[in-house]
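Numbering (the numbering used here), first residue to last: 1382 to 1694. No residue lacks a Cβ here, since even glycine has one placed at the ideal position from N, Cα and C. Here the structure is a predicted model, which means the values were calculated and not measured. Below you'll find the structure, written out as structure tokens, and then a few comments.
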């Protein structure tokens, strides 16, 4: 900010001009304004496109009013036809801009724009502590003040975390991520990290959790026609491990991660049990009860000379 002012003063001194206070104020005002715009734009990030579209929509609404006045004013005042044509053209352009801006605002409101999800995610947990249970060193990060029910939910998550199968769990409330806990720093898991660090993984898991929850909300809108209720479980079974999204209640959900592809089933069972425990802390009934069949329980042996049944069972 000071550099342009100093250059102006240096130019005045070299050229022998008189010191112009109004010119200095103008330069400072312009530079300050640009700096503030850059600062606000940097802090808004994902909200900036929404604000720009909002400004376009408001401007378009004003353009319709001005276009109507320009189009029909000359008629009322016995003016010429050219003014009417100009005004009607302005109305058409402004109406198109208004409809476009409204449509984009609706899409942004639904979270279609991913940076909008990140910008409206709320503060991330910052209070950090570590706890050693058995052979596992567990990282715990929470919001500064959490309720008694949240404390109980956190305790349930810590009891499920293990370096063998379930490696990361995060709980989200309407205000954002309330807490997360993991064992990603455990020495036995370091062979899972090649091009990323545990801290980078945590940030990515939180972003993925919010995006999967948004996708679930979009699916809910379509599933209402089938009267099937809310999507309560989403599993991204990737090549290396899996990411789980479990619905707890309106605005609340849990995200879990296993890094080991061999432990996807065990981690999934733990998540289902964990969610029912958390729902109990919020005085909600269980929702994920399911009994897995014993290995071979639904199969029967078939002799080599016996025909294969049509059902394939």
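*To the nearest angstrom, how far is it from the Cα of residue 1583 to the Cα of residue 1442?*
By 1-based counting over the chain shown, the position of residue 1583 is 202. By 1-based counting over the chain shown, the position of residue 1442 is 61. When rounded, the distance between both Cα atoms is 44 Å.
*Is the CB-CB distance between residue 1573 and residue 1515 below 9 Å?*
Sequence index remark: in the chain shown, residue 1573 carries index 192 (1-based). Sequence index remark: in the chain shown, residue 1515 carries index 134 (1-based). No, these two residues do not count as a Cβ contact at 9 Å.
*Based on the DSSP output, what are the partners of residue 1546 in its beta bridges?*
Counting from 1 along the chain shown, the entry for residue 1546 is found at position 165. In DSSP, residue 1546 forms no bridge with anything.
*So, helix, strand or coil for residue 1462, using DSSP?*
If you number the chain shown from 1, residue 1462 lands on position 81. Any reading at residue 1462 must be qualified, since the residue scores a pLDDT of 48, below 50, and its modelled position is unreliable; the value itself is stated next. Three-state result, residue 1462: helix.
*Can you give me the Cβ contacts of residue 1594 inside the same chain, cut-off strictly under 6 Å, excluding the 5 residues immediately before and after it?*
Stepping through the chain shown from its first residue, residue 1594 is reached at position 213. Contacts found: 1634.
*Whether residue 1560 touches residue 1521 by CB criterion (9 Å)*: As a first step, residue 1560 is located in the chain shown; it is residue number 179 there, counting from the start. As a first step, residue 1521 is located in the chain shown; it is residue number 140 there, counting from the start. With respect to the 9 Å criterion, residue 1560 and residue 1521 are classified as neighbours on the basis of their beta carbons.
*Identify which residue in 1640, 1619, 1610, 1644 has its Cα closest to the Cα of residue 1628.*
Here residue 1628 is taken as the residue at index 247 of the chain shown, counted from 1. Comparing Cα positions, the closest option is 1610.
*From the DSSP output, which residues share a beta bridge with residue 1633?*
For the purposes of this step, residue 1633 is taken as residue 252 along the chain shown, with counting starting at 1. Residue 1633 is bridged to 1630.
*Can you give the beta carbon distance from residue 1549 to residue 1638, rounded, assuming they're within the 8 Å contact cut?*
The count along the chain shown starts at 1 and reaches residue 1549 at position 168. The count along the chain shown starts at 1 and reaches residue 1638 at position 257. Distance from residue 1549 to residue 1638 at the Cβ level is roughly 4 Å; contact confirmed, criterion being Cβ atoms closer than 8 Å.
*Nearest-angstrom Cα distance between residue 1606 and residue 1598?*
Position 225 of the chain shown, counted from the start, is the residue given in the question as residue 1606. Position 217 of the chain shown, counted from the start, is the residue given in the question as residue 1598. About 14 Å.
_Need the endpoints of the beta strand (DSSP E) that residue 1513 sits in, please._
Looking up residue 1513 in the chain shown gives position 132. Looking at the DSSP string, the run of the beta strand (DSSP E) that includes residue 1513 is 1508 to 1514.
*At what residues does the alpha helix (DSSP H) containing residue 1648 begin and finish?*
Locating residue 1648 in the chain shown gives position 267, counting from the first residue. 1645 to 1662 is the extent of the alpha helix (DSSP H) around residue 1648.
_Spatial distance of residue 1395 from residue 1420 (CA atoms)_ = As a position in the chain shown, residue 1395 is number 14, starting the count at 1. As a position in the chain shown, residue 1420 is number 39, starting the count at 1. Rounded to whole angstroms, residue 1395 to residue 1420 spans 34 Å at the Cα level.
*Any idea if residue 1391 is buried or exposed, counting beta-carbon neighbours within 10 angstroms, 16 or more meaning buried?*
Numbered from its first residue, the chain shown carries residue 1391 at position 10. Counting Cβ neighbours within 10 Å, residue 1391 comes out exposed, since fewer than 16 surround it.
*asked:* Are the CB atoms of residue 1636 and residue 1534 within a distance shorter than 9 Å?
replied: Position 153 of the chain shown, counting from 1, holds the residue named residue 1534. Position 255 of the chain shown, counting from 1, holds the residue named residue 1636. Against a cut-off of 9 Å, the Cβ pair of residue 1636 and residue 1534 comes out as no contact.
*Simplified DSSP assignment, three categories, for residue 1519*: By 1-based counting over the chain shown, the position of residue 1519 is 138. Looking at residue 1519 - three-state DSSP - the assignment turns out to be strand.
_Span of the beta strand (DSSP E) around residue 1557_ = Within the chain shown, residue 1557 is the residue found at index 176, counting from 1. 1557 to 1563 is the span of the beta strand (DSSP E), which, as asked, contains residue 1557.
*Which one or two residues does DSSP pair with residue 1553 in a beta bridge?*
Here residue 1553 refers to the residue found at position 172 when the chain shown is read from its first residue. Answer by DSSP bridge pairing, in chain order: 1558, 1634.
*Tell me whether residue 1436 is buried or exposed, calling it buried when 16 or more other Cβ atoms sit within 10 Å of its Cβ.*
In the chain shown, residue 1436 corresponds to position 55, counting from 1. In summary, residue 1436 is exposed, with fewer than 16 beta-carbon neighbours lying within 10 Å of its beta-carbon over all protein chains present.
*State the DSSP-derived secondary structure class of residue 1585, mapped to helix, strand or coil.*
As a first step, residue 1585 must be located in the chain shown, where it is residue number 204. Here residue 1585 sits in helix by DSSP.
*Three-pair Cβ contact test at 8 Å for the segment 1653 to 1662 versus the segment 1532 to 1547*: yes
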